[in-house]
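Working notes, structure below.
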Amino acid sequence: MRAGAAEQTPSGGLVLLCLASWAVPGLGHLWFGRRAKGLVFVVALPLMFAIGLVLHGRIFPFEVSDLLVALAAVADLGIGAPYVAAIAMGLGEGQVRSVTYEYGNAFIIVAGLLNFLVVIDAYDVALGRK
Amino acid sequence: MASHLLLLVLFSFFVSLVFAVIAKDDAVEQLHFGGLLFAGFVAAAVVLGWLMYPFPL
Numbered sequence: 000m001r002a003g004a005a006e007q008t009p010s011g012g013l014v015l016l017c018l019a020s021w022a023v024p025g026l027g028h029l030w031f032g033r034r035a036k037g038l039v040f041v042v043a044l045p046l047m048f049a050i051g052l053v054l055h056g057r058i059f060p061f062e063v064s065d066l067l068v069a070l071a072a073v074a075d076l077g078i079g080a081p082y083v084a085a086i087a088m089g090l091g092e093g094q095v096r097s098v099t100y101e102y103g104n105a106f107i108i109v110a111g112l113l114n115f116l117v118v119i120d121a122y123d124v125a126l127g128r129k
Numbered sequence: 000m001a002s003h004l005l006l007l008v009l010f011s012f013f014v015s016l017v018f019a020v021i022a023k024d025d026a027v028e029q030l031h032f033g034g035l036l037f038a039g040f041v042a043a044a045v046v047l048g049w050l051m052y053p054f055p056l
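Just so you know, the protein sequences line up as chains A and B, in that order.
Just so you know, we're using numbering that gives the first Met the number 0 here: the first sequence kicks off at 0 and counts up by one.
Just so you know, we're using numbering that gives the first Met the number 0 here: the second sequence kicks off at 0 and counts up by one.
See the structure below:
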């Protein structure tokens, strides 16, 4: 059944799968019936991102003049829809004076990076590698 | 929510959980691998913290 997943997923479907898995963490796994894994990702990653915001973490802007800020911005973007929702609600300004500011940044950045890994894992599942 | 140790444990929990679920398919293996990762994260942080303790900022 796993080998058949690759045959049933055309390249356009793979792109759609990756986009869906990026936008909603865990959706790619749910798509292929891996409910337990998908549910863990659906809950854990947005929760981690939200905790980062509560800890006064910052959603970094895309500033090419500062490489580290730009890299952090790419990592932040990795969480998908929660990123867009947070921006739309005006969250993620970051409070540098807060004692938990750096912790918040770590939670937000790592949540995005982990979701990139989840997207790659969903891609592997789609290709029948896992 | 300003406890450094609590935040460290929370962060380690989430990262271990996601790594374990990605890396392993079986629930028992996930528990073993995740537990090992979690213990490793926390132990490493405590050990490194104590190693840095003698050195001033």
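The beta carbon of each residue, even a glycine, is placed where N, CA and C say it ideally should be.
It should be emphasised that the depicted structure is a prediction, and the values quoted were computed from it without experimental measurement.
Problem set entry | chain B within 8 angstroms of Ala22/A, Cβ atoms only | Position 23 of the first sequence, counted from the first residue, corresponds to residue 22/A. No, no contact with chain B.
Problem set entry | Minimum length 4: unbroken alpha helix (DSSP H) runs contained in the region 10-89 of chain A | Fully enclosed alpha helix (DSSP H) runs of 4 or longer: 10-22, 26-30, 34-53, 66-76, 80-87.
Exercise. Among the residues of its own chain, which have a CB less than 6 angstroms from the CB of Lys36/A, if the five just before and after it don't count?
Worked result: As a position in the first sequence, residue 36/A is number 37, starting the count at 1. So the qualifying residues of the chain are His28.
Exercise. By a C-beta neighbour count over all protein chains shown, 10 Å radius and 16 as the cutoff for buried, is His3/B buried or exposed?
Worked result: To locate residue 3/B, count along the second sequence from 1; it is residue 4. Under this definition His3/B is an exposed residue.
Exercise. Thinking just about the alpha-carbon of each residue, which of Leu126/A, Val117/A, Ala125/A is nearest to the one in Ala43/A?
Worked result: One-based indexing of the first sequence puts residue 43/A at position 44. The residue with the shortest Cα to Cα distance from Ala43/A is Val117/A.
Problem set entry | Any chain B beta carbon closer than 8 angstroms to Phe115/A | One-based indexing of the first sequence puts residue 115/A at position 116. No, no contact with chain B.
Exercise. Beta carbon of Gly79/A, beta carbon of Trp21/A: below 8 angstroms?
Worked result: As a working mapping, residue 79/A is identified with position 80 in the first sequence. As a working mapping, residue 21/A is identified with position 22 in the first sequence. Yes, they are a contact pair.
Problem set entry | First and last residue of the uninterrupted alpha helix (DSSP H) at Tyr131/A | Outside the modelled stretch of chain A, which goes from 0 to 129, sits residue 131/A, for which no answer is possible.
Exercise. On the three-state DSSP scale, how would you describe Met0/A?
Worked result: For the purposes of this step, residue 0/A is taken as residue 1 along the first sequence, with counting starting at 1. Here Met0/A scores only 45 on pLDDT, less than 50, and its place in the model should not be relied on; the value that follows carries that caveat. In this structure, Met0/A counts as coil in the three-state DSSP scheme.
Exercise. Tell me which same chain residues have a C-beta within less than 7 angstroms of the C-beta of Gly77/A, skipping the five on either side of it?
Worked result: Taking the first residue of the first sequence as position 1, residue 77/A is located at position 78. Taken in chain order, the residues that qualify are Gly111, Leu112, Asn114, Phe115.
For this session: Compute the Euclidean distance between the alpha carbons of Trp49/B and Val41/B, then round it to the nearest angstrom.
Result: Reading the second sequence from its first residue, position 50 is the one you call residue 49/B. Reading the second sequence from its first residue, position 42 is the one you call residue 41/B. Trp49/B and Val41/B have their C-alpha atoms some 12 angstroms from each other.
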